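Keeping their order, the protein sequence lines are chains C and Z.
Counted from 1, the first sequence has number 228 at position 228 by the working numbering; the numbering is strictly sequential.
Each position in the second sequence, counted from 1, maps to that position plus 228 in the working numbering.
Don't be surprised by glycine CBs; every beta carbon is placed ideally from N, CA and C.
As the structure is a computational prediction, the values presented were derived from the model and not from experiment.
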Amino acid sequence: MTSFRKFIFGITASFFIPWLCLIVIPHSKMNAEIEEWTDADTGKVNFYPLGTPNIFRQGQIVYAQEGCASCHTQMIRPTYMGYESWRPDFGKEGTIDAPVRIRETRLGDYDGERFAYLGNQRIGPDLSNVGYRHDEAWHHEHLYLPQSKRDFSMMPSFRHLYEKRKIKGQKSEFALSNVEWENEEEAQNYEVVPTEKAKALVGYLMTLKKDTPFGAVVATESEETDVK
Amino acid sequence: MTDEQANQESITRRSAIDQSARFPVLFFITSASAWLLVAVTLGFIQQMKMHNPGFLDFSWLYFLNYGRSNPAFMTALVYGWAIQAGLGVAIWIMARLCSAEVKNPITLIVAGHFWNLGVSIGVLGILLGYGTSMEWLAFPKAVWPILFVAFSMIVIWLVTMFFRRQDNKVYISVWYILGACFWFPWIFVTANLFIHVFPGSALAKASTNAWFTSSVVYLFLVPIGLGVAYYLIPKIMGRPVHSSQLSYYGFWGLAIFGGWTGVQKFMGGPFPSWMPAVSGAAVIFMLIPILIVTVNQLMTLKEDSKVINSSPALKFTAAGITFLIIFCILSALGSFLSIGKYTQISFTSIGYQVLAVYGFFSMVIFGAIYFIVPRITNSEWPSLGGMQNHFILSVYAIASLIVIHFFGGIWQSGAYAKHDAPLENAIASAKPYAIGASVVWIVIWISVVRFFMNLVSLIFRTGRREISSKFVGHKKSIA
Chain C
1 MTSFRKFIFG
11 ITASFFIPWL
21 CLIVIPHSKM
31 NAEIEEWTDA
41 DTGKVNFYPL
51 GTPNIFRQGQ
61 IVYAQEGCAS
71 CHTQMIRPTY
81 MGYESWRPDF
91 GKEGTIDAPV
101 RIRETRLGDY
111 DGERFAYLGN
121 QRIGPDLSNV
131 GYRHDEAWHH
141 EHLYLPQSKR
151 DFSMMPSFRH
161 LYEKRKIKGQ
171 KSEFALSNVE
181 WENEEEAQNY
191 EVVPTEKAKA
201 LVGYLMTLKK
211 DTPFGAVVAT
221 ESEETDVK
Chain Z
229 MTDEQANQES
239 ITRRSAIDQS
249 ARFPVLFFIT
259 SASAWLLVAV
269 TLGFIQQMKM
279 HNPGFLDFSW
289 LYFLNYGRSN
299 PAFMTALVYG
309 WAIQAGLGVA
319 IWIMARLCSA
329 EVKNPITLIV
339 AGHFWNLGVS
349 IGVLGILLGY
359 GTSMEWLAFP
369 KAVWPILFVA
379 FSMIVIWLVT
389 MFFRRQDNKV
399 YISVWYILGA
409 CFWFPWIFVT
419 ANLFIHVFPG
429 SALAKASTNA
439 WFTSSVVYLF
449 LVPIGLGVAY
459 YLIPKIMGRP
469 VHSSQLSYYG
479 FWGLAIFGGW
489 TGVQKFMGGP
499 FPSWMPAVSG
509 AAVIFMLIPI
519 LIVTVNQLMT
529 LKEDSKVINS
539 SPALKFTAAG
549 ITFLIIFCIL
559 SALGSFLSIG
569 KYTQISFTSI
579 GYQVLAVYGF
589 FSMVIFGAIY
599 FIVPRITNSE
609 WPSLGGMQNH
619 FILSVYAIAS
629 LIVIHFFGGI
639 WQSGAYAKHD
649 APLENAIASA
659 KPYAIGASVV
669 WIVIWISVVR
679 FFMNLVSLIF
689 RTGRREISSK
699 FVGHKKSIA
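What follows is the structure in structure tokens.
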């Protein structure tokens, strides 16, 4: 073999193996198998994962287009990586004094999605279970003006996803209540309502509930009564 | 043939090569530099927007929201500036090392226009709300074929130059450049096909994305940067590399470990644990070839430290190599669970990318640009002060960003780990670091403006004209 052929063989072989092992094989193999399990208390038969993706795909497209993954993660890590699963603002219930743990995200939680937006940075809170934490009206108001909900927020305003229009007849049920109007006349005659994109995005956020039970026993409450 | 005749022939040959490379190389360098200006402008805006959404908060400027300006900045920096400038410099170095004239300058320039078209559609697409929120693949899905075709059109001529080489012995820089040009299309097509085209596991697409960013760094930017350094350092110093055998070990080490890196970004995530573990191990092992090569090069520089003071090109190259060492050490530290859990999805992850692309690669490319452009234009750089300002401001800025991003990310993740503290603490924790980074981005912007004005001034011939550049080593050169 000439040295050029050896060179080409070398750079091909050295790249081919990781390409195969990290990219090609996981692409087709890395799907959670649907497993059946029975709830010991109720006797009900459940499946994990559910078999169909339970996220609202149209809203996920808007999520990607607005670059939400630049600041928000959708990945709760196990306790050997930290105690974020005990954060009330990452989970679905509990308070700082009496935390209730949400489980870490698993392979099956992203099953059927087109892309798992695990997140590039965590500047804002994790959104894996945000569907439990707020209602639609809260999300719309937060997207329109984040600082009206959390004054310490560094999130930008997504008011371009909302439209200001004259009230025709009755005020819309979707009209936002946290709009800062310039004068009384505007406040009386105009309303700000979500566009289809905003509705889709909030619809997606409401479906983010990545804690489908899978049968194993998971600690949800701290055994210690004193929170450090 | 006498020595003098051989010398004269060599000079004539080099001059012919420089003339043939002039238009394509200058095109790539200038359009890349224009993209760099766009990138650092967006860089400053996105950094401000991160901690102060009220900055430029007009309704019609919604496209500057962090979620759009951050990926747009990265796209302009990586594709518009880094890859394009890397290709421009690679063309010239290949031409010189293979002693082959650039035969198809028009094709290269047309390909360059296609590349710029792709990047423009990409950056505008992201800003206008068609982005994908994927790291380094944030441009709209339809853009990647344009970039791939343009890249292939350029690289084919690089490879043909190699086959037209005069000398049978192949210098190490040629290996690095060929390797980079071979790996990048494979990496790029793989990532885009497996993420956008082939249906499959959503999580595998996320790990492919992380693999992509890391592979582009280790298998394109690092080889091109090292190839450039291996050319410039001996050329300017006028002495051969300290140990040429080590340079080959460095290349093969990069080849073996490079493709395994990337998934450590998601350690502890919903992946089979061997994936981030293997990637983390590869990043740690990567220290071996990188340290071999960089220490090799720094030792060559140390042999005659007077030269570096008189050569801006060498200063930039040496700084770039130093930042590569720091990047590899910090990446290796971040691959350990104990540190990685704080750095993986925090402010530090952007810091790693900026350090690799701007700290290491861009500094080496600046060195190459300061070396190459006078030779292909037969002009001197108009402002020596501009070059010195560019250097000092860049080094201080990058060093500051390393500290700010690394410690900022750790602090931020630490704040999120305190589960019994309110959300306000976690969100406010990154703010001081983001403000510090914004100040640094102003400095970077100023340094890039100085560089760009110097380049434009040279190209429009408002500077001094000189036949031979003062930077060529007076001792025996290698090409």
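Can a CB atom of chain C be found closer than 8 Å to the CB of Glu652(Z)? yes
The region 420-440 of chain Z / the region 574-583 of chain Z touching (three or more Cβ pairs under 8 Å): no
In the region 17-36 of chain C, which residues sit with their C-beta less than 7 Å from some C-beta in chain Z, listed in chain order? Pro18, Trp19, Leu22, Ile23, Pro26, His27, Ser28, Met30, Asn31
Which word fits Met527(Z), buried or exposed, when buried means at least 16 other C-beta atoms lie within 10 angstroms of its C-beta? exposed
Using only CA atoms, which one of Ala419(Z), Ala244(Z), Leu447(Z) lies nearest to Glu329(Z)? Ala244(Z)
Report yes or no: is there a C-beta of chain C within less than 8 Å of the C-beta of Ile245(Z)? no
Please compile the residues from chain C whose C-beta is within a distance smaller than 7 Å of the C-beta of His279(Z). Residues of chain C whose Cβ lies closer than 7 Å to the Cβ of His279(Z) are, in chain order, Met154.
Taking 8 Å as the CB-CB cut-off, is Ala116(C) touching chain Z? yes
Own chain, CB closer than 8 Å to Arg114(C), minus 5 neighbours either side, in chain order: Arg57, Gln60
Give me the Cα-Cα distance between Ile349(Z) and Leu270(Z), rounded to the nearest whole angstrom. 16 Å
Close-in-space but distant-in-sequence residues of the same chain around Val700(Z) (CB under 6 Å, 5 per side omitted): Because Val700(Z) sits at a pLDDT of 46, beneath the cut-off of 50, its placement in the model cannot be relied upon, and the following sentence gives the value as read from the coordinates. Result list for Val700(Z): empty, nothing under 6 Å.
From what residue to what residue does the beta strand (DSSP E) around Val330(Z) run? Where Val330(Z) is concerned, there is no enclosing beta strand (DSSP E), given that its DSSP letter is neither H nor E.
Establish whether the CB of Trp181(C) and some CB of chain Z are separated by less than 8 Å. Closer than 8 Å: no.
Taking just the CA atoms, how far does Ser559(Z) sit from Thr195(C)? Taking the straight line joining both Cα atoms gives about 43 Å.
I'd like to know if Met75(C) contacts chain Z, where contact means its C-beta is closer than 8 Å to some C-beta of that chain. Yes, contact with chain Z.
Enumerate in chain order the residues of its own chain whose CB-to-CB distance from Ser14(C) is below 6 Å, with the five nearest sequence positions on each side excluded. none
What is the rounded straight-line gap between the Cα of Gly486(Z) and the Cα of Tyr477(Z)? 14 Å
Are the C-beta atoms of Met81(C) and some chain Z residue less than 8 Å apart? yes
Identify the continuous beta strand (DSSP E) that holds Glu191(C) and give its terminal residues. Residue range 190-194 is occupied by the beta strand (DSSP E) that includes Glu191(C).
Assigned secondary structure, Lys698(Z) (DSSP; H/G/I helix, E/B strand, else coil): Residue placement at Lys698(Z) is poorly supported in this model, since its pLDDT is 46, which falls under 50; the coordinates still yield a value, given next. In the three-state reduction of the DSSP assignment, Lys698(Z) falls in the coil class, being assigned neither a helical nor a strand state.
What residue range does the alpha helix (DSSP H) around Trp19(C) cover? Taken as a continuous stretch (DSSP letters only), Trp19(C) belongs to no alpha helix (DSSP H), as it is neither H nor E.
Output, in chain order, the set of chain C residues within a Cβ distance shorter than 8 Å of Arg296(Z). Glu66, Gly67
May I ask you to check if the CB of Ile461(Z) is nearer than 7 Å to at least one heavy atom of the ligand NAP? Looking at this structure, you won't find the ligand NAP or any other ligand, since it has none at all.
Collapsed DSSP secondary structure at Pro99(C) in the structure displayed: It is a strand residue.
Taking 8 Å as the cut-off, does the region 467-474 of chain Z touch the region 488-503 of chain Z (at least 3 CB pairs, one atom from each stretch)? no
Using the three-state DSSP reduction, which class does Tyr399(Z) fall into: helix, strand or coil? Coil.
Between which two residues does the beta strand (DSSP E) holding Asn46(C) run? Counting along the chain, the beta strand (DSSP E) containing Asn46(C) begins and ends at 45-48.
Can you have a look at Ile695(Z) and say buried or exposed, based on whether 16 or more other CB atoms are within 10 angstroms of its CB? Caution is warranted here: a pLDDT of 48 is assigned to Ile695(Z), below 50, making its placement in the model unreliable, and the coordinate value is therefore given only provisionally. Per the 10 Å Cβ criterion, exposed.
Stretch pair the region 302-320 of chain Z + the region 251-267 of chain Z: three plus CB contacts closer than 8 Å: yes
Along the chain, where does the alpha helix (DSSP H) containing Lys166(C) start, and where does it finish? Where Lys166(C) is concerned, there is no enclosing alpha helix (DSSP H), although the beta strand (DSSP E) it sits in stretches over 162-166.
Do we get a CB-CB distance below 8 Å when we pair Ser148(C) with the residues of chain Z? no
DSSP-derived helix/strand/coil call for Gly124(C): coil
Neighbourhood of Phe301(Z) by C-beta, 7 Å cutoff - its chain only, sequence neighbours within 5 removed: Setting aside the 5 residues that flank it on each side, Phe301(Z) is surrounded in the same chain by Ala267, Leu270, Gly271, Gln274, each with a C-beta closer than 7 Å to its C-beta; the list follows chain order.
Along the chain, which unbroken stretches of the alpha helix (DSSP H) at least 4 residues long are found entirely within the region 632-666 of chain Z? 651-657
Using 8 Å as the limit for Cβ to Cβ distance, is Pro125(C) near chain Z? By this cut-off, Pro125(C) is an interface position.
Quick check on Trp288(Z): buried or exposed, where buried means 16 or more other Cβ atoms within 10 Å of its Cβ? exposed
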